[in-house]
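Data block below; observations after.
Numbering (the numbering used here), first residue to last: 292 to 617.
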């Protein structure tokens, strides 16, 4: 398909028509869910991705390169799209990739979208971003939101705290550890809360926001707010684990996570991730924007949950390149 053909395709950014939308990382986690939701609503989907080899056989999704070092090529990759659904980010610094670079790459992506004629951007962020945060992840997310607002494009920001469902990592790997270790350590009192949303609920929220025409910022959260201790205990009980759940000083959790991660050849938990959760940044007080209850989902998937460890490095890095989506 030529650029001319793409530019003459139906353009209204509303679910139900056959216009074209772009999704970063449509063969990864949240990007895949968003792409599926768009296709279900009747939209055509193109992905901009650094991992074209992940496309399933027979996929109807158009594939274009996501190359931040080629801004003009990135503009061409986005031409003809009405809305860009952006999930690009990096969870942690790895090799030459860090949060500062991810912010710069995000700016490049947004400027390319504007030059390509994209009308609206739906951006997946994080709860409680802050430019004053001492944590690079949350500070970087805030800087990306600022860069988006400065483009003057119509936009919607959705802010999940924790995702579950599909082939998500966090809940699965907690279950895996509980199945394989005799002890599971919870930092501090474990009374910090987690407001998780199902990845399909996030996707539907994103598609709904894509159909709007005003700027907005929305927390993407589910109906339940268990404490972390309650969540771990729930998972242990439903998977039939005999692991003992113990409380340890919070300062020891990042070190323990690093040691287990080394054994698994992965990054299990970063210090900032633990500190953010312990500070309440994975919780919100607002209304639920996704209906799926985490406890019900865990119970429904008890037989399969944690049967295989989900390696974050293998999933999002080619051990040499940056991840393209959450």
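Ideal Cβ positions, reconstructed from N, Cα and C, are used throughout, including at glycine.
- Message: Does the CB of residue 535 have a neighbour CB from chain C at under 8 angstroms?
- Response: Of the protein chains in this structure there is only one, and it is not chain C.
- Secondary structure at residue 447, three-state DSSP: helix, strand or coil? strand
- Rounded separation between residue 467 and residue 601 - CA only: Roughly 9 angstroms separates the two Cα atoms.
- Buried or exposed (CB count within 10 angstroms, at least 16 for buried), residue 561: buried
- Message: Within a Cβ cutoff of 7 angstroms, which residues of the same chain sit near residue 470, ignoring the five residues on either side of it in sequence?
- Response: The beta carbon of residue 470 sits closer than 7 angstroms to those of 530, 532 and 597, all from its chain and outside the five residues before and after it, given in chain order.
- Message: Taking 7 angstroms as the limit between beta carbons, can you name the residues of its chain near residue 300, skipping five residues before and five after?
- Response: Annotation note: pLDDT 33 at residue 300 (below 50); position unreliable, coordinate value reported separately. Closer than 7 angstroms at Cβ, skipping near neighbours: 310, 311 and 371.
- Would you please state the rounded distance, in angstroms, between the beta carbons of residue 412 and residue 450? I believe it to be under 8 angstroms. Residue 412 to residue 450, Cβ: 15 angstroms. No contact.
- Query: In whole angstroms, what separates the C-alpha of residue 591 from that of residue 378?
  - Reply: Rounded to the nearest angstrom, the two C-alpha atoms are 27 angstroms apart.
- Message: So, at 6 angstroms on beta carbons, what are the nonlocal neighbours of residue 343 in its own chain, with the 5 sequence-adjacent residues on each side left out?
- Response: 354
- Query: Whose C-alpha, out of 329, 351, 405 and 381, is nearest the C-alpha of residue 604?
  - Reply: Cα-wise, what sits closest to residue 604 is 381.
- If you count every other CB in all the chains shown that lies within 10 Å of the CB of residue 574, and 16 or more means buried, which is it? buried
- When DSSP labels each residue in this structure, what does residue 598 get in the three-state scheme? coil
- Query: According to DSSP, which residues form a beta bridge with residue 511?
  - Reply: 451
- Task: Just the C-alpha distance for residue 540 and residue 436, rounded to the nearest angstrom, thanks.
- Result: 34 angstroms
- Message: Taking 8 angstroms as the cut-off, does the segment 471-483 touch the segment 442-456 (at least 3 CB pairs, one atom from each stretch)?
- Response: The count of Cβ pairs closer than 8 angstroms, one atom from the segment 442-456 and one from the segment 471-483, stays below three, leaving the stretches out of contact.
- Item | Buried/exposed call for residue 515, threshold 16 Cβ in 10 Å | buried
- Can you tell which of 341, 408 and 318 has the C-alpha that lies nearest to the C-alpha of residue 349? 318
- Task: Tell me residue 311's beta-bridge partners as DSSP assigns them.
- Result: 335
- Through-space distance from residue 557 to residue 386, alpha-carbon basis: 13 angstroms
- Query: Does DSSP put residue 605 in a helix, a strand or coil?
  - Reply: helix
- Task: Inspect the CB distances between the segment 392-403 and the segment 485-495 and report whether three or more fall short of 8 angstroms.
- Result: no
- Proximity to residue 335 [Cα-Cα], best of 324, 571, 313 and 347: Closest option to residue 335, Cα to Cα, is 313.
- Item | Alpha-carbon spacing of residue 663 relative to residue 588, whole angstroms | No information on residue 663 is available, as it lies outside the stretch 292 to 617 that the chain covers here.
- Message: Per the DSSP calculation, residue 377 is bridged to which residue(s)?
- Response: BP columns for residue 377 point to 414.
- Task: In the DSSP assignment, find the unbroken beta strand (DSSP E) run with residue 530 in it and report its ends.
- Result: Per DSSP, residue 530 belongs to no beta strand (DSSP E); it is in the alpha helix (DSSP H), 519-530.
- Item | Residue range of the unbroken beta strand (DSSP E) whose run includes residue 366 | Run containing residue 366: none in the beta strand (DSSP E); it sits in the alpha helix (DSSP H), 362-369.
- Task: Label residue 606 either buried or exposed according to how many other C-beta atoms from any shown protein chain fall within 10 Å of its C-beta, with 16 as the threshold for buried.
- Result: exposed
- Query: The beta strand (DSSP E) with residue 475 in it runs from where to where?
  - Reply: 474-478
- Message: Tell me which residue opens and which closes the beta strand (DSSP E) that residue 409 is part of.
- Response: Careful: residue 409 lies outside any beta strand (DSSP E) and carries neither H nor E.
- Would you please state the rounded distance, in angstroms, between the beta carbons of residue 446 and residue 510? I believe it to be under 8 angstroms. Wrong, their Cβ atoms sit about 16 angstroms apart, outside the cutoff.
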